[in-house]
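Chemist: Encoded as structure tokens, here's the structure I'll be asking about.
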Amino acid sequence: MVSDANAAEIERRRLEEAAADSAEIDRTPVRTYWQLVRQRFLKHRLAVIAVIVLIVLATYAIVVPTVTGDAWRETQLFRDDAPPELFNEDGDLTFAVLGYNEQGQNLFARLGKATQTSLTIGLAAVVLIVMIGVFIGSIAGYVGGWIDNLLMRFVDVMLSLPGLFIILMITAFFGQGNVWVVIIAIGLTGWTTAARLVRAEFLSLREVDYVQAARALGASPQRIILRHMLPPALAPIVVAATLGIADSVVVESALSFLGFGIGRDGASLGTMLQNAREYFFSGPLKVLYPGVVLILIVLSASFLGDGLRDALDPRQRVEK
Amino acid sequence: MASYILRRTLQAIPILFGVAIISFAIVQLAPGSPIDRFRSPNVRPETLENLIRLYGLDRPVYEQFVNWFSTFVQFWRTDAWGYSLVDGRSVRDTVVDRMPATLLLGGTALIITIILAVPIGILAAVRQYSWADKAITTFATIGYAIPSFLLGLYIAYIGTVVFRGAFPGFGMVSLPGVEGRGTPLDVAWHMVLPVTSLAIQQIAGWSRYVRAKMLEVLNQDYVRTAKAKGLSAAKVTYKHALRNALIPVITLFGLTLPGLLAGAVITESIFSWPGLGFLGLQAVTQRDYPLVLAFVMVGGFGVVLGNLLADVLYGVADPRIKY
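Residue numbers (this note's numbering), protein chains in the order written: chain A, 187 to 506; chain B, 599 to 921.
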């Protein structure tokens, strides 16, 4: 009898514990991949700040040129080197909170236009870089063999070229001052990293069971690449693209600074810096503004890239 | 070892050939013709045709390429790299003339970088998370992110405006007529600003790298063992850890070499330093095609040689690497 009562007691306790366990499992929230990504990203304080800075800069680049219209290139000679103002003497809203340059152009509006130009060219160049890189990298990684070998030797050659100088050559020879030439020049020289990344991912994915299964089911190479191999390879591409924005913006500014990028009729961070250089002594702050925006873009893009790298990697764990 | 070096050198040849093809193709595809600069109402069409024949522009493209490349590799000849379209000088001689200025600038910056970056990186690693480490890491991150032309611009600004022209921001020697023009002291004085802007960038990159490698080594088992058996901290850090941490730094030499040879285009241009980089930029602006091609080839040679040197030196320094 005693032992029977004991057995019942043990059984009751066991059931209770099991119920408690399952209740605890129920209480643990199920988190999807994207929830985990968000959690990991928010842990990265610098990356979060970078996102905010980039949003502010993008808003500035979109809103200010729209609101101020042509103010960025309007020369008001009687206002050369005029101090900052929000309203002019007629009481009109001018937003000239950074003052005017030596030609009487509204610096705040000009900086907005320049940020817009540089960011747009940088983004467009990155799109081109990713397209070329993914195309060449996926062919090399999927097909393999001598084609892979040939393409990778081509990448070696591209990496041995003095990159910035080749971009200078292309822009100087094929239409100086043309925005599209600048974008294409950056795209044609910058795709090697993306191609290598995609190739490496594809080489390892090619042997994975589900890809083999897709192939056995008779899926076309196109379908295998686009539906089965590209999505898992997306994370490193996104990270590389984010980091590529910083590079592209810098290259564009350097080109414009040296007089090879967009012409004098446009405004980019590089042309503003080149312009300010000629007036070193009269307006030192003019060198500072575009430079600060440029550094902010570069730093934010690289912090964002770092943050995304950690966040998108499913092997990373979220610490409590 | 010798066979490895030979093999790597042979592998470099097709890469340089590829560099030649791409740079030649860009020049070929460029709109306009090299003889355009001679076109004027005063020049007769026959003269232009003679020029076209003289330059071999009437030949098929592949023949032009073979002609150019086979002459280009004979670098011991004065005419191997052709003649400048602008001043008619031998391109090879011009490049050789400009090389010392570039080597002087890049070499000085490199020496300063090594002297400063290695101790800075070690300090940051040994005192990880201290205020010194945080200051160094912040400096390195910003120094690494700031574009070279912006840094050059700001340093030119500080040198010429803040210090009220205490440091010249232009050229390699003083203007004619200034006392002591061309003396070593004069050149050194002109080097202050460009070397500073080159060195800050390199120090930022190098110290980050040294710090990372040093931290990696300091966390290894053999370092813990050395500490556990009672060795002094200095001995562990500087004898056991440092030697191994410095091996990967050799690869940075390889990365620095192309800049050392072909010159820093941007920094040299900002400070009008009469080196190869500034020459290359002028050549592009003036569409001096022979000079442009020579510059790309020297740059490509620098990259290939740098990679080769880095790999070979790595093998020499690290006995674990077997060829």
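From the three backbone atoms N, C-alpha and C, an ideal C-beta is built for every residue, glycine too.
1) Rounded to whole angstroms, how far is the Cβ of I740 of chain B from the Cβ of V793 of chain B, which I believe are closer than 8 Å?
2) Label Y328 of chain A either buried or exposed according to how many other C-beta atoms from any shown protein chain fall within 10 Å of its C-beta, with 16 as the threshold for buried.
3) Compute the beta-carbon to beta-carbon distance between L891 of chain B and R696 of chain B, rounded to the nearest angstrom, for a pair I have assumed lies under 8 Å.
4) Could you name the residues of chain B that A338 of chain A contacts, counting a contact when the two beta carbons are closer than 9 Å?
5) Mind reading off the beta-carbon distance from V790 of chain B to F765 of chain B? Whole number of angstroms is fine, and I expect it under 8 Å.
6) For V312 of chain A, which residues of its own chain have a beta-carbon under 6 Å away from its beta-carbon, when the five flanking residues on both sides are left out?
7) Would you report the Cα separation of R382 of chain A and I307 of chain A, rounded to the nearest angstrom?
8) Against chain B, does V216 of chain A count as a neighbour if the rule is that its beta carbon must be under 7 Å from one of theirs?
9) By the 10 Å Cβ neighbour count, where 16 or more other Cβ atoms means buried, how is R385 of chain A classified, buried or exposed?
10) What is the rounded straight-line gap between the Cα of V896 of chain B and the Cα of F388 of chain A?
11) I919 of chain B by DSSP, collapsed to three states: which one?
12) List the residues of chain A whose Cβ lies closer than 8 Å to the Cβ of S867 of chain B, in chain order.
13) Can the beta-carbon of G319 of chain A be found less than 7 Å from the beta-carbon of A380 of chain A?
14) Taking 7 Å as the CB-CB limit, is I318 of chain A close to chain B?
15) Given a cut-off of 7 Å, decide if G255 of chain A and P269 of chain A are closer than it, judged by their beta-carbon atoms.
16) Mind pulling the beta strand (DSSP E) runs of 3 or more residues that sit fully within the region 609-683 of chain B?
17) Is G719 of chain B near V863 of chain B, with beta carbons less than 7 Å apart?
18) Skipping 5 residues on each side, what residues in its chain have a beta carbon closer than 6 Å to that of E866 of chain B?
19) Whose C-beta lies closer than 7 Å to the C-beta of I411 of chain A among residues of the same chain, with five residues either side of it excluded?
20) Below 6 Å CB to CB, which residues in the same chain sit around Q800 of chain B once its five sequence neighbours on both sides are set aside?
21) Which term fits F899 of chain B, buried or exposed, when burial requires 16 or more other beta carbons within 10 angstroms of its beta carbon?
22) Could you name the residues of chain A that V882 of chain B contacts, counting a contact when the two beta carbons are closer than 7 Å?
23) Per DSSP, what are the beta-bridge partners of Y836 of chain B in this structure?
24) Counting only Cβ-Cβ distances shorter than 9 Å, please list the residues of the region 726-747 of chain B near chain A, keeping chain order.
25) Given a cut-off of 7 Å, decide if L455 of chain A and L480 of chain A are closer than it, judged by their beta-carbon atoms.
26) Taking 7 Å as the threshold (beta carbon to beta carbon), is L368 of chain A in contact with chain B?
27) Assuming Q221 of chain A is part of the alpha helix (DSSP H), what are its boundary residues?
28) Starting from P629 of chain B, find everything on chain A with Cβ-Cβ shorter than 9 Å and list it in chain order.
Modeler: Straight from the coordinates:
1) Contact doesn't hold; Cβ gap of about 19 Å is too wide.
2) buried
3) So it is not a contact: roughly 16 Å between Cβ atoms.
4) Correcting the residue type first, residue 338 of chain A is Met in the shown sequence and not Ala. Within chain B, no residue comes near M338 of chain A; the closest Cβ sits about 11 Å away, beyond 9 Å.
5) 5 Å
6) A427, G430, I431, S434
7) 23 Å
8) no
9) buried
10) 35 Å
11) coil
12) L444
13) yes
14) no
15) no
16) none
17) no
18) G873, G875, F876
19) S324, Y328
20) T711
21) buried
22) L354, M355, A358
23) According to DSSP, which records beta bridges pairwise, Y836 of chain B is partnered with nothing at all.
24) T739, I740, Y742, A743, I744, P745, S746, F747
25) yes
26) The sequence as given places Val at residue 368 of chain A; Leu does not occur at that position. No, its Cβ sits nowhere closer than 7 Å to a Cβ of chain B.
27) 219-229
28) F359, F360, G361
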